[in-house]
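Engineer:
In our numbering, the protein residues as written are 93 to 171.
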């Protein structure tokens, strides 16, 4: 049985309507892992199998920080 999870994340600094490259790189990392990103007013979210989500989160953290993110908040829940 495959265990799934959902992850919510907020990449800062975030300017409404003008996401910087640190936000774009983070979202792209999730999409390239095959995850559909839902962008909301207080963060973004994805869901999928635990190994896929956790590997994508690691890449997102690395790429967003390298591109200038000052803070990244992440919450993961098993579904």
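We treat Cβ as the ideally placed atom computed from N, Cα and C, and that holds for glycine.
(1) What's the C-alpha gap between residue 156 and residue 118?
(2) Which residue comes first and which comes last in the beta strand (DSSP E) that contains residue 118?
(3) For residue 99, tell me which candidate among 105, 132, 113 has the shortest Cα-Cα distance.
(4) Please classify residue 129: does DSSP put it in a helix, a strand, or coil?
(5) Do you know offhand how far residue 113's Cα is from residue 160's?
Structural biologist: Answer, in terms of the structure:
(1) The residue given as residue 156 occupies position 64 in the chain shown. The residue given as residue 118 occupies position 26 in the chain shown. Rounded to the nearest angstrom, the gap between the Cα atoms of residue 156 and residue 118 is 5 Å.
(2) As a working mapping, residue 118 is identified with position 26 in the chain shown. Residue 118 -> not in any beta strand (DSSP E); alpha helix (DSSP H) instead, spanning 113 to 124.
(3) Position 7 of the chain shown, counted from the start, is the residue given in the question as residue 99. Selected option, being the one with the closest Cα: 132.
(4) Against the chain shown, residue 129 aligns to sequence position 37. DSSP places residue 129 in coil when its eight states are reduced to three.
(5) If you number the chain shown from 1, residue 113 lands on position 21. If you number the chain shown from 1, residue 160 lands on position 68. Computed Cα separation, rounded: 8 Å.
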